[in-house]
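All residue numbers for the sequence shown refer to full-length UniProt numbering, where the first residue is 1 and numbers rise by one.
The C-beta atom is built at its ideal place from N, Cα and C for all residues, glycine as well.
As the structure is a prediction and not an experimental result, all values here were calculated from the model.
First the structure, in the form of structure tokens, and then the observations on it.
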Amino acid sequence: MARRQQSPPKHTPKTVIPTTGATHKLSPLTFGDFLPLKYQVTVKENDTSSLEDEIQLGDTDGKDTPKRRLQFSDADMSSQPTPNAPAQVKGNHGNGKTLNFIPPVIKEGILTVQIEEEDIRLQVEEWENALIRYVIGGNPSEAQMTEFIRKVWGFVGLPKILYHENGYYVFKFQNTIDREKVMQTRPYFYGSKPMILRNWELDFELNVEMYNQIPIWVRFPSLPVGYWSVRALSKLASAIGIPLYTDGITANAEKIAYDRVLIEVDLAKSLPNVIVETPTGPWDQNIEYE
């Protein structure tokens with residue numbers, strides 16, 4: 001007689017049998033499960049809310065306690081202080097800032113954090129006197145850069161020097177006047193390599209294309225002094241690149257043979273020919289690059 005093949009046993013949920021004999025159903029692990037017991041979520045007795053998450057515990061006498069449900073407060077949590085971190089948490093937080101819980105929003109099913117201009121206004125103001133600096137073809141150490149700054153920028157207060165691991169520095173000046181003095185005495189070179197300075201930007205990210213953009217001094221020979229207004233010079237300089245500054249001699253018209261303007265140019269682009277059109281007629285404007 002052929003033997004009848006037995007069907008495999010049906011899978012049944014695993015259970016945990018504590019020493020008290022009470023049976024507990026396993027529930028999914030959460031972040032709270034890894035905290036010490038005294039820091040785990042507080043539960044509330046005899047809660048009749050409709051939440052589905054249940055916790056069933058056994059007491060030390062072998063009797064089951066009533067089912068407990070986790071409860072999330074409906075109170076306004078738009079700006080509640082974060083609870084004090086436990087003493088066991090390690091890290092350099094002795095002089096840190098206390099943060100608040102501000103709930104995110106959900107847009108089209110995606111958890112979204114909204115940061116408004118007012119949220120960062122003070123932080124932006126704190127960094128508006130800073131400059132970003134990188135060296136084309138070089139990456140001096142912090143000690144080397146500090147020594148360079150002490151020697152070259154002795155006419156202003158020493159800025160706070162911060163190095164970013166992506167290969168650039170941020171110089172945080174004490175005031176706007178010092179920052180402008182440094183910017184108007186460009187260009188700078190570290191050894192024979194161009195050192196690029198630019199105003200700090202909120203969303204700055206160093207990329208390869210930036211190494212093609214360098215500031216250079218440009219002269220407009222024989223440009224009549226009547227066309228040395230800020231607006232006229234800005235238009236001329238914009239035909240070449242991004243206008244930055246005139247030099248002091250041009251600003252004060254101490255020499256009138258030519259005017260001199262610092263312009264950020266793209267080395268990947270060819271040098272342009274410029275035609276100037278005026279109410280009295282057009283002309284080809286000569287351009288000299290230093």
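### Query
Helix, strand or coil: how does DSSP classify T112 here?
For the purposes of this step, residue 112 is identified with residue 112 of the sequence shown, where counting begins at 1. Looking at T112 - three-state DSSP - the assignment turns out to be strand.
### Query
Going along the chain, which residues of its own chain have a beta-carbon closer than 8 Å to the beta-carbon of I214, five neighbours each way excluded?
In the sequence shown, counting from the first residue as 1, residue 214 sits at position 214. So the list reads I136, P187, P194, I196, E264, V265, L267, once near-sequence residues are dropped.
### Query
What three-state label does DSSP hand G226 in the structure shown?
The residue labelled residue 226 in the question sits at position 226 within the sequence shown. Residue state, collapsed to three classes: helix.
### Task
Reducing DSSP to helix, strand and coil, say where W153 ends up.
Along the sequence shown, one-based indexing puts residue 153 at 153. In this structure, W153 counts as coil in the three-state DSSP scheme.
### Query
Going by beta carbon distance, what residues of the same chain come within less than 6 Å of Y134, once the five residues before and after it are set aside?
In the sequence shown, residue 134 corresponds to position 134, counting from 1. Within the same chain, Y134 has close Cβ partners Y168, I196.
### Query
With a Cβ-Cβ cutoff of 8 Å, do V170 and A130 count as a contact?
Here residue 170 corresponds to residue number 170 of the sequence shown, with the count starting at 1. Here residue 130 corresponds to residue number 130 of the sequence shown, with the count starting at 1. Taking 8 Å as the Cβ cut-off, V170 and A130 qualify as a contacting pair.
### Task
State the DSSP-derived secondary structure class of D119, mapped to helix, strand or coil.
For the purposes of this step, residue 119 is taken as the residue at position 119 of the sequence shown. Three-state result, D119: helix.
### Message
Tell me the residue span of the beta strand (DSSP E) that contains I161.
### Response
Position 161 of the sequence shown, counted from the start, is the residue given in the question as residue 161. Per DSSP, I161 belongs to the beta strand (DSSP E) from 160-164.
### Query
Under the rule that 16 or more other beta-carbon atoms within 10 Å means buried, what is A237, buried or exposed?
Numbered from 1 along the sequence shown, position 237 holds the residue referred to as residue 237. When all chains shown are included, A237 counts as buried.
#### Entry: Contiguous beta strand (DSSP E) assignments of at least 3 residues, all confined to the segment 240-264
242-246
### Query
In whole angstroms, what separates the C-alpha of K172 from that of G241?
Position 172 of the sequence shown, counted from the start, is the residue given in the question as residue 172. Position 241 of the sequence shown, counted from the start, is the residue given in the question as residue 241. Roughly 26 Å separates the two Cα atoms.
### Task
Please determine, among G226, E180, T112, the residue with the shortest C-alpha to C-alpha distance to W153.
Stepping through the sequence shown from its first residue, residue 153 is reached at position 153. Among G226, E180, T112, the Cα nearest to that of W153 is on E180.
### Query
CA-CA distance, L111 and F101?
Locating residue 111 in the sequence shown gives position 111, where the first residue counts as 1. Locating residue 101 in the sequence shown gives position 101, where the first residue counts as 1. The alpha-carbon atoms of L111 and F101 are separated by roughly 15 Å.
#### Entry: Residues of its chain near T278, where Cβ-Cβ distance is below 6 Å and the 5 sequence neighbours each way are ignored
By one-based count along the sequence shown, residue 278 stands at place 278. Cβ neighbours of T278 beyond the five flanking positions: none.
### Task
Determine contact between the segment 246-262 and the segment 214-234, defined as no fewer than three beta-carbon pairs at a distance below 8 Å.
yes
### Task
Would you please verify whether the beta carbon of L223 is less than 8 Å from any beta carbon of chain C?
Looking for chain C here will not work: only one protein chain is present.
#### Entry: Supposed contact pair V218 and E288 - C-beta distance, whole angstroms, cut 8 Å
Your numbering for residue 288 matches position 288 in the sequence shown. Your numbering for residue 218 matches position 218 in the sequence shown. The pair is a contact, with the Cβ atoms about 7 Å apart (cut-off 8 Å).
### Query
Are S229 and N286 close, meaning C-beta to C-beta below 8 Å?
Start at 1 with the first residue of the sequence shown, and residue 229 comes out as number 229. Start at 1 with the first residue of the sequence shown, and residue 286 comes out as number 286. It is not a contact, given that the beta carbons lie outside the stated cut-off.
### Task
Identify the continuous beta strand (DSSP E) that holds T278 and give its terminal residues.
As a working note, residue 278 is residue 278 in the sequence shown. Segment 274-278, the beta strand (DSSP E) holding T278.
### Query
For the beta strand (DSSP E) that contains K181, what are its first and last residues?
For the purposes of this step, residue 181 is taken as residue 181 along the sequence shown, with counting starting at 1. Per DSSP, K181 belongs to no beta strand (DSSP E); it is in the alpha helix (DSSP H), 176-184.
### Query
Buried or exposed: F189, going by 16 or more other Cβ atoms within 10 Å of its Cβ?
Here residue 189 is taken as the residue at index 189 of the sequence shown, counted from 1. Looking at its Cβ environment, which holds fewer than 16 other Cβ atoms inside 10 Å, F189 is exposed.
#### Entry: Straight-line gap, D119 to Q144 (C-alpha atoms, nearest Å)
Within the sequence shown, numbered from 1, the residue matching residue 119 stands at position 119. Within the sequence shown, numbered from 1, the residue matching residue 144 stands at position 144. Computed Cα separation, rounded: 36 Å.
### Query
Does the separation of the CB atoms of V225 and I256 fall below 8 Å?
Taking the first residue of the sequence shown as 1, we reach residue 225 at position 225. Taking the first residue of the sequence shown as 1, we reach residue 256 at position 256. Yes.
### Query
So I161 packs on I149, CB below 8 Å; how close in whole Å?
On the sequence shown, residue 161 is found 161 positions in, with the first residue counted as 1. On the sequence shown, residue 149 is found 149 positions in, with the first residue counted as 1. Rounded, the Cβ-Cβ distance is 7 Å, consistent with contact.
### Query
Whose CA, out of V113, L271, P159, lies closest to the CA of I216?
For the purposes of this step, residue 216 is taken as residue 216 along the sequence shown, with counting starting at 1. Of V113, L271, P159, the residue nearest in Cα terms is L271.
### Task
Following the continuous beta strand (DSSP E) through P194, name the residue where it begins and the one where it ends.
Start at 1 with the first residue of the sequence shown, and residue 194 comes out as number 194. Segment 193-199, the beta strand (DSSP E) holding P194.
### Task
Identify which residue in I177, N175, P140, K151 has its Cα closest to the Cα of H164.
Start at 1 with the first residue of the sequence shown, and residue 164 comes out as number 164. For H164, the nearest C-alpha among the options comes from P140.
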